[in-house]
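Sequence positions in the sequence shown follow mature numbering (1 follows the signal peptide of the UniProt record, and there is no 0) and run -24 to -1, 1 to 329.
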Amino acid sequence: MRIRTALSVTATLSAALMLGGCLAGESGSAQSAPTADAAGATAGTEDDAQWSADALNIDFATYNPLSLIIKEQGWLEAELEGVTVTWTQSAGSNKANEALRASAIDVGSTAGSAALLASANGSPIQTVEIYTQPEWAAIVVPADSDIDSVEDLRGRSVAATKGTDPYFFLLQALEAHGVGLDEVEVQNVQHADGRVALENGSVDAWSGLDPIMADSEVNAGSRLIYRNIDFNSYGFLNVREEYLQAHPDVVQAVVDAYEKARAWALANPEETAAILADVAGIDLAIAEKVILERTVIDLDPVPGEAQRAVLEVVGPIFVESGDVSSQAQIDDALDALFDPSFATQADPSRIDD
C-alpha cells in the first residue's frame, strides 16, 4: 500500500525532506525569510538553547496526522529547551479557530477554508505551513437510505459542523448541484455528534469528517454518496500573529518539526496509521484507509498559489451564505493570510531524533 501523492510534486521531495534541504515555494523559487538577527535565535542547539519564548501552546488533531507524529515522538519538547510545550486536542477546525482567537493555543490546525473564514472575520492568524491535502469530507447517508445524490437532499436534514471543511464541502456540493441552502435543514453539531445523529436516524445525511467518517463506513455501513477532493481544502497550520511576531524562532522550530514528521510519515506509513488509530480510538484498518487512501502527505508545504486558488472558489460562497459580510473581507484575508517564509526555509535536520 502507498500513501497518495500530489501529482504536482516531484519525486525528489521526500528525499529532500530527509536530507533537510530548504524547500522552495509553489513557483519553485525560494522566498525571503527572517534573518537570524531579525528573528532572534533561529534554532536551538545543545550549546545555545536560548529561545525567545518560555511557553508554546500547540494543538494536535486526528485530522492532522503530522501533529500526532510530532507529539508522539516528543521532538518539540526535546528541541525547545527551556520552553514549556503544552498540547491541546482540537476536535475540529472550528474549535482550533476558537482556541487561537482566545489565545488558548499559539499554533493550531484547520482546514484552509476554516482559516480563511476566521481571517476574513477578523481573527489575527497567519498560515505558515501546509501539512496535508486530505480528502477528509464527503456527504454520508445511512446504509439503507433512499438518498443517492446531492439533489436528493432537498427537504432533508443534514448534520454539519459550521466553520469546518465538511460544512463548506456541503455548501459547495449544494451549489454545484443546484440545491439551495434554504432547501435543506442544516443541523449544526460537532463532527462526532453528527456521526451519532446519522446512525441513530436523527438526521438524513451528514457532511462527515475522517477518520470518524471512515469508522462509520466500516462499522455502521454508512455510504458516501458524494465525494469531490477538489471541494476539500488543504490542511493549514496557523499561528496567532502576536505570537508569530514575538517568537519567530519557536515558530520556525515547529515548522522544522512538521517537515521532519512529513518525512517520517512518508517513510513509515503503517506506523503513521497505527499512531492515528491509537489516538482516535479506531481500528487500524480504518486508520490505514484514511492515511493511505485519502491523504496526500507528499506535497509542497509552502502556502501559496495552489491554496489561494481553492480559497478563491470558497470565498464567494461564504458571502452568499452570510458567513462573511462582504467579498472585500475575503479579498483582504486572502492577501494577508499566508506567510510562506517559515516553510520556505524549513530544515528538518535541525530537529534531533
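For every residue, glycine included, the Cβ atom is placed at its ideal position computed from N, Cα and C.
Query                                                                                                                                                                      : Result
Would you please state the rounded distance, in angstroms, between the beta carbons of GLY58 and ASP30? I believe it to be under 8 angstroms.                              : 7 angstroms
Of the choices LEU32, GLU269, ILE273 and ILE101, whose alpha-carbon is the least far from that of GLU55?                                                                   : LEU32
Between which two residues does the beta strand (DSSP E) containing ASP35 stretch?                                                                                         : 31 to 36
ARG130: buried (16+ other C-beta within 10 angstroms of its C-beta) or exposed?                                                                                            : exposed
From THR103 to ILE201, what does the alpha carbon distance come to, in whole angstroms?                                                                                    : 32 angstroms
Can you check DSSP and say which residues form a bridge with ASN204?                                                                                                       : Answer is none; ASN204 lacks a bridge partner.
When you measure from the CB of ALA233 to every non-hydrogen atom of the ligand SAM, does any distance come out below 7 angstroms?                                         : With respect to the ligand SAM, the structure shown offers nothing to examine, as it has no ligands at all.
Tell me the DSSP secondary structure of PRO113 in three-state form.                                                                                                        : Reading the sequence as shown, one finds Ala at residue 113 and not Pro. Looking at ALA113 - three-state DSSP - the assignment turns out to be strand.
Please determine, among GLN283, SER133, ASN97 and GLU281, the residue with the shortest C-alpha to C-alpha distance to VAL160.                                             : SER133
Taking 8 angstroms as the threshold (C-beta atoms), are LEU310 and LEU287 in contact?                                                                                      : yes
Between the Cα of GLN65 and those of GLY291, VAL289, ALA256 and ASP329, spot the shortest distance and give me the residue it belongs to.                                  : ALA256
Helix, strand or coil for ILE262 per DSSP?                                                                                                                                 : helix
Taking the Cβ atom as the reference point for each residue, do ALA114 and ILE101 lie within a distance shorter than 8 angstroms?                                           : no
Report yes if the C-beta distance between GLN283 and ALA96 is below 8 angstroms; otherwise report no.                                                                      : no
Output the residue ranges of the beta strand (DSSP E) runs that lie fully inside the region 121 to 185 and measure 3 residues or longer, sorted by chain position.         : 133 to 136, 161 to 164 and 181 to 185
Does the beta-carbon distance from LEU252 to THR38 come in below 8 angstroms?                                                                                              : yes
Would you mind reading off the limits of the alpha helix (DSSP H) that contains GLN321?                                                                                    : Neither: GLN321 is in no alpha helix (DSSP H) and is coded neither H nor E.
Once DSSP output is grouped into helix, strand and coil, what is the label at ALA253?                                                                                      : helix
Mapping the DSSP letters down to three states, classify ILE81 as helix, strand or coil.                                                                                    : coil
Per the DSSP calculation, ASN214 is bridged to which residue(s)?                                                                                                           : GLY84 and THR103
With a CB to CB cut of under 7 angstroms and the five nearest residues on each side skipped, what residues in its chain are close to VAL165?                               : ALA135, THR137 and ALA173
Assuming contact is defined by CB atoms lying nearer than 8 angstroms, are ILE293 and GLN109 in contact in what I supplied?                                                : no
Beta-carbon within less than 7 angstroms of LEU313's beta-carbon, same chain only, minus the 5 sequence neighbours each way: which residues are those?                     : ALA91, LEU92, SER95, GLN102 and THR103
Between which two residues does the beta strand (DSSP E) harbouring GLN26 extend?                                                                                          : Here GLN26 belongs to no beta strand (DSSP E), and DSSP marks it neither H nor E.
For THR320, does the count of other Cβ atoms within 10 angstroms reach 16, so buried, or fall short, so exposed?                                                           : buried
The alpha helix (DSSP H) that contains VAL61, what's its start and end?                                                                                                    : Note, VAL61: premise wrong, no alpha helix (DSSP H); beta strand (DSSP E) at 60 to 65.
May I ask you to list the residues that DSSP assigns as paired with VAL272?                                                                                                : GLN109
Would you call the region 258 to 274 in contact with the region 181 to 192, where contact means no fewer than 3 C-beta pairs closer than 8 angstroms?                      : yes
Please report the distance separating the alpha-carbon of VAL116 from that of ASN204.                                                                                      : 13 angstroms
Since GLU48 is in the alpha helix (DSSP H), which residue starts that stretch and which ends it?                                                                           : 41 to 49
Note the first and the last residue of the continuous alpha helix (DSSP H) segment covering residue 330.                                                                   : Because the chain is modelled from -24 through 329, residue 330 falls outside the range shown and cannot be assessed.
Could you tell me the alpha carbon to alpha carbon distance between PRO316 and ASN176, rounded to whole angstroms?                                                         : 44 angstroms
State the beta-bridge partners of ARG199 as determined by DSSP.                                                                                                            : VAL117
With a cut-off of 8 angstroms, do at least 3 Cβ pairs link the region 73 to 89 to the region 205 to 220?                                                                   : yes
Take residue 380 and list the residues in its own chain whose beta-carbon comes closer than 6 angstroms to its own, dropping the five residues that flank it on each side. : Nothing about residue 380 can be reported from this structure: the residues present for the chain run from -24 to 329 only.
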